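>
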Amino acid sequence: MSFFNLFKPNIEKLKTKQKVDGLIKALQYKKDWSVRNSAAEALGEISDPRAVDPLIKALKDDKEAVRSAAATALREIGWEYIGKDWIYYLIALKDWNKLIKMGESAIEPLIEVLQDEDSFALHPESIKALGTIKDKRAVEPLIEVLQAKKPDLRKEVVKALGQLGDEKVVKPLISVLQNEDSFTLRCETIRALGSTKDKRAVGPLIGVLQQESEKPRLDVNTAIIMEIAIALGKIKDERAIAHLVSLYNVYADYVNKKIQNALETINTELSIFYLAILNSDKNKLLAIDNAFDLAVKALYQKHNWVRRQAIWALMILRDYRAVEQIINALNDNNLIVVSYAIYALGEIGYDRAVMPLIDILLKKDFPTCRNGGTSTLPEHWCGPRSEAAVALGKIKDKRAFKALIMVLREKGYHCLIEKSAWALSELGDKRAIEPLKSAINLTDSPRLVQKTIDKLEKIKL
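Residue numbers (our numbering): -8 to 452.
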């Protein structure tokens, strides 16, 4: 230890007497960083060029405050920067924008700051700079900070790792996703994984998506779902499609929009197919070569709204094979899906559907509306039995006559009676006139039934 370091320098006295050499020596005083700090400030006030080199050395002092004071002093002296020392100068001044512009040459000094515990106050900005510069040398140091589990830094580190996009960051990020409860940290981690575009992230992201969607409705965090949709879209893996589609129309429209955007970004035949059916886009559907097979597979989707749209697709395609598939959908556990299948069979008009539709019409354990209704679309649901009556009327197969007559006797089921009356008018069989007259008083819309009677009476034998 030098003789100088045995005694604490009097900075005020040295400054008053303009003792530059003494202040330079004080800048190296090991025992008390505040002495070094005051010496740097004094040298800046005196602004003697002899202090430049010692102040440059002080830019690497182990105390952040001393480094800052040295940089300020150099600025007051009017130092013209040279080489690598300029980087340490900018770090000490916290001029992050200029550091970022310097690019790769700033990486090593920034990593030094990150690894210096005394410079903790500079860590968040140095992490941001490392992420923005995107140099692979920063990957390992940033992962070390992430694994150190410093709560104040984890969000910034995760974001920086996502910006770097190196394959080494995927596993640490997945670990954060699966083991952290912080909402903001999880969202940032999801974004980072999406930025890597690494397919190893797909399974964990889908896992979190399923966990979130299985929560009670009021507990679901739709922000998590949207972030995952965006991330999966960036990764472009078909495994994500079914899971994304299963959440369509479950939450708000803004969630639907993120799901649609993800499907557009994935941009495969399967994702384009789902975009077509989710938006009822006939032209887009008809342009897909494999649309029939994809629609059949979609009939087994978990989400009943998707199954309904798969039926819509089969109806639009009008492939003869579609009828059997839609008939199978009559056994669906969701009555809206069943009603849409009935509607589709009526629109296609294939006689193979007649007997299954008659079975539905006569199935009294099916719920049926008791009030009148005009629409036969499932969006304005009137019950499977009423929909079956309309479908049979569209197909115009004589085998339906007896069954339609039978349901006219069901008192109180106004919609069913009215739809059956309309179907009988389409069959054009005058034998229905007397049963229809008997049914007039069983409905609250007798004029509709009378209209059918009038139509049938005009038919010439």
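Don't be surprised by glycine CBs; every beta carbon is placed ideally from N, CA and C.
Computed from a prediction, not measured in an experiment: that's the story for all the values here.
Between the alpha carbons of D323 and V329, how many angstroms are there, rounded?
6 Å
> Quick one: what's got a C-beta closer than 8 Å to V440's C-beta in the same chain, skipping five residues either side?
Cβ-Cβ distances below 8 Å link V440 to I408, E409, A412, L427, A430, I431, T434 in the same chain, with the five nearest sequence neighbours on each side left out; the list follows chain order.
> Does the beta carbon of L290 sit closer than 8 Å to a beta carbon anywhere in chain B?
Protein chain content of the structure displayed is limited to a single chain, and chain B is not contained in it.
> Name the two residues that bound the continuous alpha helix (DSSP H) containing I386.
375 to 386
> Could you check how far apart the C-beta atoms of A423 and L447 are, in whole angstroms? I think they sit under 8 Å.
Taking C-beta atoms under 8 Å as the contact rule, A423 and L447 qualify, at a distance of about 6 Å.
> So does the segment 62 to 80 actually touch the segment 107 to 126, counting three or more Cβ pairs closer than 8 Å?
no
> Taking just the CA atoms, how far does I197 sit from Q169?
Each residue's alpha carbon lies about 12 Å from the other.
> Does DSSP put S237 in a helix, a strand or coil?
coil
> How about Q19: is its Cβ closer than 7 Å to a heavy atom in the ligand SAM?
This structure simply doesn't include the ligand SAM, nor any ligand for that matter.
> Taking the beta carbon of E218 as the centre, do at least 16 other beta carbons fall within 10 Å, making it buried, or is it exposed?
Answer is buried; the Cβ neighbour count reaches 16.
> Taking C-alpha atoms, which residue in L321, E338, G340, L326 lies nearest to R350?
Note on identity: in this sequence residue 350 is Asp, with Arg being the wrong assignment. The shortest C-alpha separation from D350 is found at L321.
> Let me check understanding here. Comparing Cα to Cα, which of E36, L14, D39 lies closest to R27?
L14
> From this set, D189, L266, I216, which residue's C-alpha is nearest Q202's C-alpha?
I216
> How long is the line joining the alpha carbons of D44 and L164, rounded to whole angstroms?
43 Å
> By a C-beta neighbour count over all protein chains shown, 10 Å radius and 16 as the cutoff for buried, is S173 buried or exposed?
Under this definition S173 is an exposed residue.
> For Q275, which residues from the same chain have a beta carbon less than 8 Å from its beta carbon, with the 5 sequence-adjacent residues on both sides left out?
Here residue 275 is Lys; the residue named in the question, Gln, does not match the sequence. Same-chain partners within the cutoff: I263, L266, A267.
> Since Q316 contacts V287 with CB under 8 Å, what's their CB separation in whole angstroms?
5 Å
> According to DSSP, simplified to helix, strand and coil, what is E370?
Only weak support exists for where E370 lies, its pLDDT of 49 falling under 50; the coordinates are left without a value.
> Determine the contact status of A391 and L418, defining contact as a CB-CB distance below 8 Å.
yes
> What number of angstroms, rounded off, separates the C-alpha of L261 from the C-alpha of D280?
11 Å
> I'd like to check one pair, I302 with Y341: are the Cβ atoms closer than 8 Å?
no
> Considering just the uninterrupted stretch of the alpha helix (DSSP H) at I279, what are its terminal residues?
Note, I279: premise wrong, no alpha helix (DSSP H); not H, not E.
> Closer than 6 Å by C-beta to H371: which residues in its own chain qualify, once you throw out the five before and the five after it? Chain order, please.
Because H371 sits at a pLDDT of 47, beneath the cut-off of 50, its placement in the model cannot be relied upon, and the following sentence gives the value as read from the coordinates. Nothing meets the Cβ criterion.
> Say whether the segment 86 to 93 touches the segment 44 to 56, bearing in mind that this needs 3 or more beta-carbon pairs closer than 8 Å, one atom from each stretch.
no
> What does the Cβ neighbour count give for Q154, buried or exposed, with the cut at 16 atoms within 10 Å?
buried
> What are the start and end residues of each continuous alpha helix (DSSP H) run of 4 or more residues lying completely inside the segment 99 to 183, in chain order?
114 to 124, 130 to 138, 145 to 155, 161 to 170
> Taking 8 Å as the cut-off, decide whether the C-beta atoms of P375 and I333 are in contact.
yes
> Which value, in whole angstroms, describes the spacing of the CA atoms of R312 and L290?
14 Å
> Would you decide whether E179 is buried or exposed? Buried here means 16 or more other CB atoms lie within 10 Å of its CB.
buried
> Could you say if the segment 115 to 129 and the segment 60 to 71 meet the contact criterion of at least three C-beta pairs nearer than 8 Å?
no
> Could you name each continuous alpha helix (DSSP H) segment of 4 residues or more that falls completely within the segment -7 to 40, going from the start of the chain to the end?
2 to 7, 11 to 17, 24 to 37
> With H, G and I counted as helix, E and B as strand and the rest as coil, what does DSSP make of V211?
coil
> Between the alpha carbons of D210 and E255, how many angstroms are there, rounded?
29 Å
> Distance check for D12 and A31, CA to CA, integer angstroms please.
D12 has its alpha-carbon roughly 12 Å from the corresponding atom of A31.
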